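Colleague: Structure incoming, see below.
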Amino acid sequence: MRKTIHNALFTRLAIVSIGLPLICGGFAEKASAEHSAVSMSNGAYSTVIQAPVIKPTWSLPVIPINRDQYSEQAVAVAVKGKVFAVDPNYRLVALDASSGRKLWQYGDQLTPILIHSNGLIYGMTQSGSIYAVTASGKKVWTTSLGFTKADHIHRIGSTVYITQSEQTAAVDAASGKLKWKISEEKDLYHGLNKLMETDGVLIRNYDVQGSLTLEQINAYDAKTGKKLWDSFRTSFPLAVKDGIVYSVANTFMIDDDPVNHKVTIAQYDLKTGKSKGDRQYRWTEPENKDGVYRSGGVYGSAFLYGKDLYVFQGETLASYDFWNYKPDSKPARKWAQNGYDQLIPLLSIHEGRMFYQDFSTSRLTAMKLASGQFIHYDGDNPTVQVDVFGKGVYVGQSDGVFHGYDLTSLKPVFTVNTGSRSFGPTLKSGGMIFIQSGNRLLGVKLPASLK
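Using the numbering used here, you'd call the opening residue of the sequence shown number -2 and step up by one each time.
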C-alpha cells in the first residue's frame, strides 16, 4: 500500500509540474527530473532502538577470526570470574572478568580452539598438539596429535576427544596420554560437531557423500576407537536409553508422499547397531500444487526436550509423550506455526519459549508454549549474532551495534557501540557478558535487571 500511494502521488506531482509550463509559457520546457527504472522502499529498519548506551568496562585485542568461514568460533571461555582468551600474539591470556586485569599468559603459536572443564583449560597449538593448563596458568601436559586444523575439543568423563573433520583422537584428561586416533575416509566424510559417550560407546555424526550427501552416525568402542557400526541417513541421537539409540531417520527421496507425512524415529541396539524397529509420527497436509515436496526443518523435523518430543509439521507444531509411544498416537498438544514457511527451528526451548530464526529477516523469533503467541526480537539493523542467557537476549547487528533485551518484556535494556559488524558468540559469567566483536573481546557489566 505504501508503494502504491507513493507512486500515485509522484505521478500526480509530475503531471502538475510538467503541465504548468504549457499553460504559462505556451511551450514545454525539457523536464529536469528523471524517472527511475525501479523504485522500492523498505521500512523494516526505520525505527531506531532506544536504550541507554553503555561503554565496555574493558577491551582486549584477540586473535583474528574469519567470521565468513568460522561464524561460530569462540576465541575465549569465561568461567568463575575469569576469562581465558587467545591474544593477537597467539598466547593464552587469563583476565579478571570484572576489571579486565591480566593475570597471566601461557605459550605461543596457539589456536582459538579452547574449552574449560574440571578446573583445566584445554587448547590446541598451531603444530597440532593439545595442551592442558590449570586456571592459574600452570602447564599440566601437552600431547602431539598432528591435528593442525582441529575444529573441536570435547571432554566427556575422563577422556578428552579432539576432532579434525573426519579424524578423531582420544586423550586421557588427567595425564594427556593418547588412547587412540582414527580417521574415516577423507573423500567421503566431513565431520560434524557432535559427540556423545554412553555405556562405553562413543557416537559421532558426519556428513557422508554418496548420490546424496546426508548425515550419518558412527559408533565406536570408547576404549579402543574400533568402529562398532554406522547408520547412513540418521541424525545425531535424540536419546540413548536402556541400550537403545533413538535417532531421526532421513527419508528424503524415499518417502515423499505429498499429503501423508511422517517423522520416523529409528531405533538401534547401542552395541551392535542392529535395528530395533522404528516409531512413526504422522500427519496430513493439503497437496502442494506447485509440485515441490518439502521436508526437514519446519516441514518435518523433531527434537526431544525432557519427556516431550516436539515434531515440526509445517503449519503445526505437535508434542508427544516420547516414553509412552503408541502407534498412530495423537499429539498431546498442538500449536499453529504462523508464517511457518519463513521459520527455521532452532530446536531449543528456554523459559517456556520455542525459538526459531526468521529466514526472511534473520531475526530471533519465539513462540510462547503456554499461549501459542509468536514474539519477535526486532532490531534496527539486520541480525548477525544472537545469544540467550537467563532473562537476557543479546543481539549483535550488521551496523556494529549490540543490543541487550529483556527476554520476557521484549524491551531493550542497553546498547553497546562496538565499531565492528563482525560478531562471534557472546559469553557470560556472573554479572558480566563478553562480546566478541571484530578482533576484540569486550567486557560489559550487565544492568541489574539482566544479571
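Each residue gets a CB set at the ideal place from its N, CA and C atoms; glycine is no exception.
Nothing here was measured: the structure is a model prediction, and the numbers come from that model.
Taking just the CA atoms, how far does F371 sit from K183?
Modeller: Reading the sequence shown from its first residue, position 186 is the one you call residue 183. Reading the sequence shown from its first residue, position 374 is the one you call residue 371. Cα to Cα, K183 sits roughly 44 Å from F371.
Colleague: When DSSP labels each residue in this structure, what does Q102 get in the three-state scheme?
Modeller: One-based indexing of the sequence shown puts residue 102 at position 105. DSSP places Q102 in strand when its eight states are reduced to three.
Colleague: Which first and last residues belong to the beta strand (DSSP E) in which L235 is found?
Modeller: Mapped onto the sequence shown, residue 235 falls at position 238. Looking at the DSSP string, L235 is not in any beta strand (DSSP E), and its letter there is neither H nor E.
Colleague: Can you give me the C-alpha to C-alpha distance between F420 and V83, rounded to a whole angstrom?
Modeller: Taking the sequence shown and counting its residues from 1, one reaches residue 420 at position 423. Taking the sequence shown and counting its residues from 1, one reaches residue 83 at position 86. C-alpha separation (whole angstroms): 16 Å.
Colleague: Return the CA-CA distance between I251 and V168, expressed in angstroms with no decimal places.
Modeller: If you number the sequence shown from 1, residue 251 lands on position 254. If you number the sequence shown from 1, residue 168 lands on position 171. Roughly 40 Å separates the two Cα atoms.
Colleague: Work out the CA separation of Y290 and S316 for me, nearest whole Å.
Modeller: In the sequence shown, the residue the question calls residue 316 occupies position 319. In the sequence shown, the residue the question calls residue 290 occupies position 293. Near 23 Å, if we compare the C-alpha coordinates of Y290 and S316.
Colleague: Buried or exposed: where does V198 fall if 16 or more other Cβ atoms within 10 Å of its Cβ makes it buried?
Modeller: Your numbering for residue 198 matches position 201 in the sequence shown. Buried: at least 16 other Cβ atoms inside 10 Å.
Colleague: What does a CB cutoff of less than 6 Å around W280 pick up in its chain, not counting 5 residues either side in sequence?
Modeller: Counted from its first residue, the sequence shown places residue 280 at position 283. Around W280: H258 and Q310.
Colleague: Please report the residue range of the beta strand (DSSP E) in which A167 lies.
Modeller: Along the sequence shown, one-based indexing puts residue 167 at 170. Its beta strand (DSSP E) spans residues Q164 to D169.
Colleague: Name the two residues that bound the continuous beta strand (DSSP E) containing E182.
Modeller: Along the sequence shown, one-based indexing puts residue 182 at 185. Neither: E182 is in no beta strand (DSSP E) and is coded neither H nor E.
Colleague: Quick check: the Cα distance between V72 and F81, rounded to an integer number of angstroms?
Modeller: As a working mapping, residue 72 is identified with position 75 in the sequence shown. As a working mapping, residue 81 is identified with position 84 in the sequence shown. If I take the Cα positions, the gap works out to 9 Å.
Colleague: Might you give, ordered along the chain, the residues of its own chain that have their beta carbon closer than 8 Å to the beta carbon of Y322, omitting 5 neighbours on each side?
Modeller: Working through the sequence shown from its first residue, we reach residue 322 at position 325. These residues qualify, in order along the chain: R276.
Colleague: Among W226, I214, L225 and D253, whose alpha-carbon lies nearest the alpha-carbon of L235?
Modeller: Position 238 of the sequence shown holds residue 235. The candidate whose alpha carbon is nearest that of L235 is I214.
Colleague: Run through DSSP, which three-state label would Y67 get?
Modeller: Numbered from 1 along the sequence shown, position 70 holds the residue referred to as residue 67. Coil, per DSSP.
Colleague: Can you give the Cα-Cα distance for G416 and A216, rounded to whole angstroms?
Modeller: Translated into positions along the sequence shown, residue 416 becomes position 419. Translated into positions along the sequence shown, residue 216 becomes position 219. Their backbone Cα atoms lie some 45 Å apart in a straight line.
Colleague: Taking only the alpha-carbon atoms, compute the straight-line gap between V390 and L111 and give it to the nearest angstrom.
Modeller: Taking the first residue of the sequence shown as position 1, residue 390 is located at position 393. Taking the first residue of the sequence shown as position 1, residue 111 is located at position 114. Going from the Cα of V390 to the Cα of L111 covers about 24 Å.
Colleague: Output the distance between the C-alpha atoms of R437 and V59, rounded to the nearest integer angstrom.
Modeller: Numbered from 1 along the sequence shown, position 440 holds the residue referred to as residue 437. Numbered from 1 along the sequence shown, position 62 holds the residue referred to as residue 59. In a straight line, the C-alpha of R437 is about 5 Å away from that of V59.
Colleague: Is the separation between the beta-carbon of H514 and that of L209 shorter than 8 Å?
Modeller: Past the boundaries of the shown model lies residue 514; the chain is included only from -2 to 448, so the question cannot be answered.
Colleague: Out of G270, L404, D377 and S368, state which residue places its alpha-carbon closest to the alpha-carbon of V385.
Modeller: Reading the sequence shown from its first residue, position 388 is the one you call residue 385. The residue with the shortest Cα to Cα distance from V385 is L404.
Colleague: Can you give the beta carbon distance from S126 to T140, rounded, assuming they're within the 8 Å contact cut?
Modeller: By one-based count along the sequence shown, residue 126 stands at place 129. By one-based count along the sequence shown, residue 140 stands at place 143. Contact flag correct, Cβ pair sits at about 6 Å.
Colleague: What number of angstroms, rounded off, separates the C-alpha of L407 from the C-alpha of L366?
Modeller: Numbered from its first residue, the sequence shown carries residue 407 at position 410. Numbered from its first residue, the sequence shown carries residue 366 at position 369. Spanning the two alpha carbons is a distance of roughly 16 Å.
Colleague: Determine the direct distance from the alpha carbon of V413 to that of S395, and round the result to whole angstroms.
Modeller: Counted from its first residue, the sequence shown places residue 395 at position 398. Counted from its first residue, the sequence shown places residue 413 at position 416. Taking the straight line joining both Cα atoms gives about 13 Å.
Colleague: Quick one: give me the first and last residue of the beta strand (DSSP E) that P342 is part of.
Modeller: Translated into the one-based positions of the sequence shown, residue 342 becomes position 345. Note, P342: beta strand (DSSP E), L340 to H347.
Colleague: Name, in chain order, the residues that DSSP records as bridge partners for P409.
Modeller: Counting from one through the sequence shown, the residue named residue 409 turns up at place 412. DSSP, once it has assigned bridges, lists Y402 as partnering P409.
Colleague: Helix, strand or coil for S417? Go by DSSP, reduced to three states.
Modeller: On the sequence shown, position 420 is the one that residue 417 refers to. Three-state result, S417: coil.
Colleague: Pop quiz: L142 and G120 are said to be a contact at Cβ under 8 Å. What is the actual Cβ separation, rounded to whole angstroms?
Modeller: Walking along the sequence shown from the start, residue 142 turns up at place 145. Walking along the sequence shown from the start, residue 120 turns up at place 123. No, L142 and G120 are not in contact; Cβ-Cβ is about 12 Å, not under 8 Å.
Colleague: Cα-Cα, which of F411, S434 and K442 is closest to S426?
Modeller: As a working mapping, residue 426 is identified with position 429 in the sequence shown. Checked all of F411, S434 and K442; the closest Cα to S426 is K442.
Colleague: Any idea what DSSP makes of F319, helix, strand or coil?
Modeller: For this step, residue 319 is matched to residue 322 along the sequence shown. Three-state DSSP puts F319 in a helix.
Colleague: According to the neighbour-count rule (16 or more other Cβ atoms, all chains shown, within 10 Å of its Cβ), is M37 buried or exposed?
Modeller: What you label residue 37 is simply residue 40 of the sequence shown in a count that begins at 1. The residue in question, M37, is exposed, as its Cβ has fewer than 16 Cβ neighbours within 10 Å.
Colleague: Within the same chain, show all residues whose beta-carbon is closer than 7 Å to that of Y337, passing over the 5 residues directly before and after it, in chain order.
Modeller: Mapped onto the sequence shown, residue 337 falls at position 340. For Y337, where only same-chain residues beyond five positions count, the Cβ hits under 7 Å are V295, G311 and E312.
Colleague: Does DSSP classify L301 as helix, strand or coil?
Modeller: In the sequence shown, counting from the first residue as 1, residue 301 sits at position 304. The answer is strand: DSSP assigns L301 an E or B state.
Colleague: Is Q206 buried or exposed, if buried means 16 or more other CB atoms sit within 10 Å of its CB?
Modeller: Within the sequence shown, residue 206 is the residue found at index 209, counting from 1. Flag for Q206 reads exposed.
Colleague: In the DSSP assignment, what residue or residues form a beta bridge with G389?
Modeller: Sequence index remark: in the sequence shown, residue 389 carries index 392 (1-based). Beta-bridge pairing links G389 to F386 and D403.
Colleague: Per DSSP, what are the beta-bridge partners of V295 in this structure?
Modeller: Counting from one through the sequence shown, the residue named residue 295 turns up at place 298. None, per the DSSP bridge assignment.
Colleague: Applying the 10 Å Cβ sphere with the 16-neighbour rule, what's the burial state of R230?
Modeller: Here the question's residue 230 lines up with position 233 in the sequence shown. Per the 10 Å Cβ criterion, buried.
Colleague: Are the Cβ atoms of P109 and Q164 separated by less than 8 Å?
Modeller: Residue mapping note: residue 109 aligns to position 112 of the sequence shown, counting from 1. Residue mapping note: residue 164 aligns to position 167 of the sequence shown, counting from 1. Not closer than 8 Å, so no.
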